[in-house]
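Shown next, in C-alpha cells, is the structure this report addresses.
Number of protein chains: 2
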Amino acid sequence: MALDIERLRVLVEVAHSGSIAAAAKRMGFTASALSQQLAKLEREVGERLVDRGPGGVRPTPLGEVLVSHGERVLGAVHEAEDAIRDARRLPREHLSVGTFASAGQALVPAALATFRRAHPQVRLSLLDIEPPDGYGLVTSGNLDLLITHRYPDVPPASAAGVHRARLMTDPLRLVLPAGHRHAAAGRLPLAALTADEWISGAPGVPNRITLDGAARRAGVELHVAYETRDYAVTLALVGAGLGVALVPDTTLRSAEHGAYLVRDLDQPMAREICLVHRPRPRTPISDMVTYLHDAASL
Amino acid sequence: MALDIERLRVLVEVAHSGSIAAAAKRMGFTASALSQQLAKLEREVGERLVDRGPGGVRPTPLGEVLVSHGERVLGAVHEAEDAIRDARRLPREHLSVGTFASAGQALVPAALATFRRAHPQVRLSLLDIEPPDGYGLVTSGNLDLLITHRYPDVPPASAAGVHRARLMTDPLRLVLPAGHRHAAAGRLPLAALTADEWISGAPGVPNRITLDGAARRAGVELHVAYETRDYAVTLALVGAGLGVALVPDTTLRSAEHGAYLVRDLDQPMAREICLVHRPRPRTPISDMVTYLHDAASL
DNA sequence: CCAGAGCCATTAGCGTTCCTTAACCCTCCC
DNA sequence: GGGAGGGTTAAGGAACGCTAATGGCTCTGG
Numbered sequence: 026m027a028l029d030i031e032r033l034r035v036l037v038e039v040a041h042s043g044s045i046a047a048a049a050k051r052m053g054f055t056a057s058a059l060s061q062q063l064a065k066l067e068r069e070v071g072e073r074l075v076d077r078g079p080g081g082v083r084p085t086p087l088g089e090v091l092v093s094h095g096e097r098v099l100g101a102v103h104e105a106e107d108a109i110r111d112a113r114r115l116p117r118e119h120l121s122v123g124t125f126a127s128a129g130q131a132l133v134p135a136a137l138a139t140f141r142r143a144h145p146q147v148r149l150s151l152l153d154i155e156p157p158d159g160y161g162l163v164t165s166g167n168l169d170l171l172i173t174h175r176y177p178d179v180p181p182a183s184a185a186g187v188h189r190a191r192l193m194t195d196p197l198r199l200v201l202p203a204g205h206r207h208a209a210a211g212r213l214p215l216a217a218l219t220a221d222e223w224i225s226g227a228p229g230v231p232n233r234i235t236l237d238g239a240a241r242r243a244g245v246e247l248h249v250a251y252e253t254r255d256y257a258v259t260l261a262l263v264g265a266g267l268g269v270a271l272v273p274d275t276t277l278r279s280a281e282h283g284a285y286l287v288r289d290l291d292q293p294m295a296r297e298i299c300l301v302h303r304p305r306p307r308t309p310i311s312d313m314v315t316y317l318h319d320a321a322s323l
Numbered sequence: 026m027a028l029d030i031e032r033l034r035v036l037v038e039v040a041h042s043g044s045i046a047a048a049a050k051r052m053g054f055t056a057s058a059l060s061q062q063l064a065k066l067e068r069e070v071g072e073r074l075v076d077r078g079p080g081g082v083r084p085t086p087l088g089e090v091l092v093s094h095g096e097r098v099l100g101a102v103h104e105a106e107d108a109i110r111d112a113r114r115l116p117r118e119h120l121s122v123g124t125f126a127s128a129g130q131a132l133v134p135a136a137l138a139t140f141r142r143a144h145p146q147v148r149l150s151l152l153d154i155e156p157p158d159g160y161g162l163v164t165s166g167n168l169d170l171l172i173t174h175r176y177p178d179v180p181p182a183s184a185a186g187v188h189r190a191r192l193m194t195d196p197l198r199l200v201l202p203a204g205h206r207h208a209a210a211g212r213l214p215l216a217a218l219t220a221d222e223w224i225s226g227a228p229g230v231p232n233r234i235t236l237d238g239a240a241r242r243a244g245v246e247l248h249v250a251y252e253t254r255d256y257a258v259t260l261a262l263v264g265a266g267l268g269v270a271l272v273p274d275t276t277l278r279s280a281e282h283g284a285y286l287v288r289d290l291d292q293p294m295a296r297e298i299c300l301v302h303r304p305r306p307r308t309p310i311s312d313m314v315t316y317l318h319d320a321a322s323l
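Heads up: the sequence lines are chains A and B, in that order. In terms of this note's numbering, the first sequence opens at residue 26 and continues consecutively. In terms of this note's numbering, the second sequence opens at residue 26 and continues consecutively.
Listed below in C-alpha cells is the structure:
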C-alpha cells in the first residue's frame, strides 16, 4: 500500500469543508476532480472513507482515522515550508486566524488592528470556526491560529500535537429582564430560577451543556423554552421579557445595552477562551498571540 | 510555495543513499528522473539542496533542513498507512531491521530466528547501518527497527521524534597478546599501557573516540599504531602480538578464541547497545523488540 | 598519459495521469 | 413539480513525469 499524499490532502479538505463541492471550490478544482480522486483513494484503501449523504459528506470511522493522520502529514509539510522560509530569511506573507463568532466582536478586532499596523505586508484572513472544531485545521497547517473556548462540563477537544493555552477567563453572567422579580438580588442561586423560562442553545451546544450540568449539580430542573446559539438573539429575547439566560461577560461588554439586567449566580461559572497553534510559533504568529493577550488583559 | 511531496521523497532517498544513482535504483527509477525531480525541487525552493561531487551528492545546509523535515513527512505517511492496516486488521507483511556490523554476530541472528518461527509470513530485510547513521531512516519509516550503539565520549545522535531505549550494556574489555608482560594482572590502569602499541579505529570512529577520551582523562598519551574498525581484524592483530586493544565483550564471546588474553581496565568502560524505533510500535515490531531483549539478557 | 568506469545534467519524445466539460441521478425545499 | 445543491460517470485534452540517448566531468588503473 502506498498512499498518495495529494489524495490524502483531498480527503482532509473534504472532511474539513463538509462537502466535496465546497472543498473543490477551496482548492480551485471542480467537484468532479475531487470525487474521482476520493474514489481512487477509497479503492486503494479498500474501504469507504466518506458517507455520501444529501447536503454533503461525512467521514466514516476509518475515514476519521485517515483524516487525522492526513492532517499530521500536511502539518509536517507546512512545517517544512516554514523551515525553508526561515532558512532563507523570507517573510511570511499570509496569516490565517480562526475564531468563534462571539469572540470576534471585541477581542479579535483590537488585536487585528495592532497586527496590521505592525505587519502591514502580511495578508490576514479570518475564518469563522465554531468550537470544538478547528483543531484539525491547526494540525494540518491550514490555520495558523485558532481562538476557541471551553465551557464548563464540555469535554475538552484533544490537543494532541498542537499547543493550547488559556487566553482569558470569561465569566458567564446571569441576564434577567428589566423588572424581574429578583432584580434586587446581587447573586442568585440556580434554585431561585426554576420557575423562569430559560434561553440557551440546543442540546449539544456548549452554553446548554454548561447550563444542564449546573442544574444537575444544583439538583434542580430548568425549563429551556427558547433555543438559540446567538447571544445577540439571546439578549433580545431577554430584553423582551421572554426569559433568563447565561451570557459571557465579554459579549455583554460589547453589546448594546438593552432592557435587561446583569447579575451573577452564587456558584460562579466561566468559559475559558483559548489559543491553539502549532508548537514553536514564529513571527508573525507569535506576535499575533502577544497582541491577543494584550487585548484580553484590558 | 507549495512543496511537492514526491519530490521531497526523492530528496530524502537521495540523501540516505548518498548518490542519485543509488537512490534511483532503490526507487526503481532512472537516475535521470530523480535528477530532474531534484532540480525542479531546487528551482521551487530557490536554492541548491545538494552539492554534486564526484562519487555522489551531499546535502547542503538548507538541504539538511529539508531532509529532516521530509523524513518527518514520510514518517507521518507511513504512520497513516500503518493506521489503515491496523483498522482493517491486515497483517504487516514486511519488517526491516538495521544493525551495525558487530551486533549481527550473536544478538541479531538469535532474535531473527525466533521472529521467523513466530511470524513466518513476515518478510524480513536486514540492512547494515553504521552508527551514528540510521536515525533518519527510522524517522521516515524506511526502517522499522534500528540497532545502534553509543560509545563513551561519542556525542549522542539526536533521537527527536523517535524512541530510543538501551538494549544492553556491553563492556569494553582489554585484549592483550598471549605472553604480554601484564598477563598476570586482572585489572590494569591505562597508565600501565602507554608503552604498548594500540589497535583502534581511525580518528572519528567510535572505538577511537572512546580510547582517546579515556587517555585524556587518565592524563596519558597512547600510541595507536594500527587503525581498523573491524574487530575480527583487531583480534587477529592482537593475536599476532602486534598490540593491545579495547574490544566489546559480546564480540569476544562470539569470536574464535585465539592467542590473546582478555583483561579489564581499572576504570571500566562500556558501550551501550540501543534500539531505535518509531513511538508506539505494534506487532510485529514490538515482538522483535521483545526477542532482542530476550537475546540480550542471555 | 590515456582509456574506461561512474556519476550527473540535458534534451527529445512518449505514455500515463489527472483535470475539465457535460450529462445524469439523487434529495430537499419552496 | 421544478429548481437548487450535491455527487457520480464518461469522454476528450492538456500537463506532467518517465525513459532513452548524449555529453561533460572526475577519479582510477594499466
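Think of the CB as a built atom: it goes at the ideal place given N, C-alpha and C, for glycine as much as any other residue. On a predicted model such as this, the values are computed, not experimentally measured, just so you know.
Could you pull the start and end residues of the alpha helix (DSSP H) that residue i belongs to?
i         : result
B/Asp-291 : Note, B/Asp-291: premise wrong, no alpha helix (DSSP H); not H, not E.
A/Asp-319 : 310 to 321
A/Arg-233 : 231 to 243
B/Glu-281 : No alpha helix (DSSP H) holds B/Glu-281; DSSP gives it neither H nor E.
A/Thr-259 : 256 to 264
A/Gly-161 : 160 to 164
B/His-41  : 30 to 42
B/Leu-63  : 56 to 70
B/Ala-46  : 45 to 52
Using CA coordinates, which residue listed in the options is at the minimum distance from residue i?
i         : options                                       : result
A/Pro-145 : A/Asp-153, A/Gly-159 and A/Leu-120            : A/Leu-120
A/Val-269 : A/Tyr-316, A/Gly-204, A/Arg-305 and A/Gly-159 : A/Gly-204
B/Gly-226 : B/Val-147, B/Tyr-251, B/Leu-132 and B/Asp-291 : B/Tyr-251
A/Asp-25  : A/Asn-232, A/Gly-78, A/Glu-69 and A/Arg-114   : The requested residue 25 of chain A is not part of the displayed model; chain A covers only 26 to 323.
B/Asp-107 : A/Pro-228, A/His-94 and A/Arg-117             : A/His-94
B/Glu-7   : B/Arg-241, B/Leu-262, B/Thr-235 and B/Leu-197 : This structure gives no information on residue 7 of chain B, because the portion of chain B shown stretches from 26 to 323.
B/Glu-96  : B/Glu-31, B/Asp-289 and B/Pro-181             : B/Glu-31
B/Pro-309 : B/Leu-91, B/Arg-117, B/Ile-109 and B/Val-90   : B/Arg-117
B/Leu-236 : B/Ser-279, B/Met-193, B/Gln-292 and B/Ala-209 : B/Gln-292
A/Leu-260 : A/Pro-306, A/Val-200 and A/Gly-71             : A/Val-200
A/Arg-278 : A/Asp-195, A/Glu-72 and A/Thr-85              : A/Asp-195
A/Pro-181 : A/Leu-162, A/Pro-157 and A/Leu-171            : A/Pro-157
B/Gly-159 : B/Glu-246, B/Ser-42 and B/Arg-34              : B/Ser-42
B/Leu-152 : B/Arg-242, B/Leu-137 and B/His-248            : B/Leu-137
B/Val-272 : B/Arg-51, B/Ala-280 and B/Ala-265             : B/Ala-280
B/Asp-29  : B/Val-70, B/Ala-49, B/Asp-289 and B/Ala-47    : B/Val-70
A/Ile-109 : B/Ile-172, B/Arg-77, B/Gly-123 and B/Ala-27   : B/Ala-27
Tell me, to the nearest whole angstrom, how far the beta carbon of residue i is from that of residue j; I am working on the premise that it is less than 8 Å.
i         : j         : result
B/Leu-59  : B/Leu-74  : At roughly 12 Å, the Cβ-Cβ gap does not stay under 8 Å, so B/Leu-59 and B/Leu-74 are not in contact.
A/Arg-175 : A/Asp-274 : Actually they are not in contact, since the Cβ atoms of A/Arg-175 and A/Asp-274 sit about 15 Å apart, beyond 8 Å.
What span of residues does the beta strand (DSSP E) with residue i cover, start to end?
i         : result
A/Ile-172 : 170 to 175
B/Thr-124 : 119 to 124
B/Glu-155 : Run containing B/Glu-155: none; DSSP gives neither H nor E here.
A/Asp-178 : Looking at the DSSP string, A/Asp-178 is not in any beta strand (DSSP E), and its letter there is neither H nor E.
A/Glu-222 : 222 to 225
A/Gly-78  : 75 to 78
A/Pro-272 : Per the sequence shown, residue 272 of chain A should be read as Val rather than Pro. Note, A/Val-272: beta strand (DSSP E), 269 to 273.
B/His-144 : Where B/His-144 is concerned, there is no enclosing beta strand (DSSP E), given that its DSSP letter is neither H nor E.
B/Leu-192 : 188 to 202
A/Pro-84  : 81 to 84
A/Glu-252 : 248 to 252
Could you tell me which chain A residues have their CB closer than 7 Å to the CB of residue i, listed as they occur along the chain?
i        : result
B/Val-98 : Val-98, Ala-101, Val-102 and Ala-105
B/Ile-30 : Ile-30 and Val-102
Residues of chain A with CB under 8 Å from residue i, in chain order?
i         : result
B/Ala-108 : Val-90, Leu-91 and His-94
B/Leu-87  : Ile-109, Ala-112 and Arg-113
For residue i, go through chain A and note every residue whose CB falls closer than 9 Å to its CB, in chain order.
i        : result
B/Ala-58 : Per Cβ cutoff of 9 Å: no residues; B/Ala-58 is ~17 Å from chain A at best.
List the residues of chain B whose Cβ lies closer than 9 Å to the Cβ of residue i, in chain order.
i        : result
A/Glu-72 : Ile-109, Ala-112 and Arg-113
Note down, in chain order, every chain B residue with its Cβ under 7 Å from the Cβ of residue i.
i         : result
A/Ile-310 : Those within 7 Å of A/Ile-310 in chain B number zero; the least Cβ separation is about 17 Å.
**Prompt:** Is the segment 274 to 287 of chain A in contact with the segment 239 to 255 of chain A, if contact means three or more CB pairs nearer than 8 Å?
**Reply:** no
**Prompt:** Is the number of C-beta pairs between the segment 306 to 318 of chain B and the segment 196 to 214 of chain B that are closer than 8 Å three or more?
**Reply:** no
**Asked** Per the contact definition of three or more C-beta pairs closer than 8 Å, is the segment 32 to 43 of chain A in contact with the segment 159 to 171 of chain A?
**Response** yes
**Message:** Would the segment 142 to 162 of chain A count as touching the segment 123 to 136 of chain B if we require 3 or more Cβ pairs under 8 Å?
**Reply:** no
**Request:** Answer yes if the segment 86 to 101 of chain A comes into contact with the segment 91 to 108 of chain B, meaning at least three C-beta pairs across the two stretches below 8 Å, and no otherwise.
**Result:** yes
**Asked** Hey, is the segment 189 to 203 of chain A in contact with the segment 287 to 307 of chain A, meaning 3+ C-beta pairs nearer than 8 Å?
**Response** yes
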